[in-house]
Each structure stands twice: as structure tokens, then as C-alpha cells.
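My numbering puts the sequence shown at residues 11 to 176. By construction, the Cβ of each residue, glycine as well, lies at the ideal position given by its N, Cα and C atoms.
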Amino acid sequence: MILVVTGSRFAKSDEHGSRIRHGLLWAAGARDGAFGDHELWDGSASGADGIAHDLAREDFGWKAKRLTASWSECDPTWVDPIGKAVPCAPGHRKVRSNGTTPYCPTAGFRRNALMISELVKVEGRKVVVGFPIPALGSRGTVDCLTRALHAGLPIVSVPLTSKDAL
Ligand SMILES: [Zn+2]
């Protein structure tokens, strides 16, 4: 089956790796220590995406595909089908707390929309697995799960807790 992962960029492998691992194997229906023959897609972000990607490739031997958001690029023609994102307009670009280069805040939503529409086109079993940290917001994860829900796809949400949120 195809598992699409969306999750908090603040997930850490030492703190959350085990829960992410169990969540993926549970969603894939893995039994008796066999990982099965699955494919994992992620949004190529830091945190949960990278942890899930590494588990899939290195531990489970699954195929993996990464769909990167182009944070530097805007797309003023993009109309959000679920109407949540603020469209690209003058002054909408932001700077991350740890960075200096402005980015487009709709890029992640556009990547999510693409990932979900690509998944809809694929035949066979599929599921979207979310690893949000609700206490830290996880707006992007909620966005991706919402898009999957609107598209009629099966979804699983495995919430994580964070020491940083205490
Ligand atoms: Zn933009």
C-alpha cells in the first residue's frame, strides 16, 4: 500500500522515533515482525517527514518518494480548493524564527494539495498518516489531513507530545 506521511517539523527522532515507527507499522497493517512491501511518500520537511522517510528506507526496506515544497517560490495563480491558505499577495512572505530568507507560507499547502491529488490518482490501498504535535499547532499537518479527508481518503492521526510544549 501507499502511506503518505504528514507531520510536525518539530518531531525529534530520539523523542518521537519509536511512536512514529509504531504508527507507520500499525497503519500499514504490519504483522509478526514482517514490514511488508509498501511505499511511503512524505513532504520532505524536517521532523516527522525525515524520521518517517529514514525508517521506511533504512529499517523497513520500503520504497520512498519525497514531494518537496518550493518555499522560495510564489504562485499567485493558485486558488486553494479548501480555501484555508492566504493567497500570494504583496507582503505575505514570512521569515522563519531560525532563518533570514523570506519564504512563501502557501508553499506547504500547495505541496500538500499536490501530494493528495497525486495519491487520489493511484490505484490500490492507501492511507494518509499524520504525526501532529497539537500543543505546537501543527497547522500544516492539520491542513494535509483535511485535504485527505475532503478527497475521501482514509486517514490516521497519531498525535505526539513534546517536551518543548510544556
Ligand atoms: Zn507566495
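- For Gly-118, same chain residues with a beta-carbon under 6 angstroms away, outside a window of 5 residues either side, are Ala-79 and Gly-150 in chain order.
- Thr-116 has its CB nearer than 6 angstroms to a heavy atom of ligand 1.
- Judged by beta-carbon spacing, Leu-50 lies beyond the 7 angstroms limit of Ala-21, meaning their Cβ atoms are not closer than that value.
- A straight-line Cα-Cα distance of about 6 angstroms links Asp-85 and Cys-98.
- Under the three-state reduction of DSSP, Ile-165 is assigned to strand.
- The beta carbon of Phe-45 sits closer than 8 angstroms to the beta carbons of Leu-35, Ala-38, Asp-69, Phe-70, Gly-71 and Trp-72 from its chain, once the five residues preceding and following it are set aside; these are given in chain order.
- Note on the region 102-165: whole alpha helix (DSSP H) runs with a minimum of 4 residues are 117-131 and 149-160, in chain order.
- Rounded to the nearest angstrom, the gap between the Cα atoms of Asp-90 and Leu-146 is 24 angstroms.
- Per the DSSP secondary-structure output, Gly-17 pairs in a beta bridge with Phe-141.
- Of all C-beta pairs linking the region 99-109 to the region 129-136, fewer than three are shorter than 8 angstroms, placing the two stretches out of contact.
- Per DSSP, reduced to three states, the secondary structure at Leu-34 is helical.
- Between the beta-carbon of Leu-65 and that of Ile-30 there is about 7 angstroms, and that keeps the pair under the 8 angstroms contact cut.
- A buried status is given to Val-15, since no fewer than 16 other beta-carbon atoms sit within 10 Å of its beta-carbon.
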